[in-house]
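J.: Dumping the structure here so I can ask a few things about it.
Now the structure itself:
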């Protein structure tokens, strides 16, 4: 070889820079590790929140279905009431026909209540 030593010593300035570099790299590593840990915690919270929201959505969907069933029942009741209401005038006419028919036949048959002291009947419910 040309007389120079292969294992030459490193100058002191280079050692200081190398130590600073290792220390700053280590600090960056620690900070990065802390950031990763914090991000994992936030992710876990977000995952938990997502599942809570999914459960609530399912609950709301079930409540919505229940309300829709109740609305359908009420709607059916309204339809039934409307149908019956439409029949009321016909029923009233039928009642009037029955009343007028009975009124003419009942004119000659005036009856008194049971238990009355009417002289025409002289009947008692206790006899």
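In the UniProt record's numbering, the protein residues as written are 1 to 127. By construction, the Cβ of each residue, glycine as well, lies at the ideal position given by its N, Cα and C atoms. None of these values were measured; they are calculated from a predicted model.
1. By Cβ distance below 8 angstroms, which residues in the same chain neighbour residue 26 in space, the five residues on each side in sequence not counted?
2. Residue 84 to residue 68, Cα distance in whole Å?
3. Suppose you measure from the CA of residue 28 to the CA of residue 45; what does that come to, to the nearest Å?
T.: On the basis of the data shown:
1. Here residue 26 has no same chain residue with a Cβ atom under 8 angstroms from its own Cβ, once five neighbours each way along the sequence are excluded.
2. Cα-Cα distance, rounded: 24 angstroms.
3. Taking the straight line from one Cα to the other gives about 26 angstroms.
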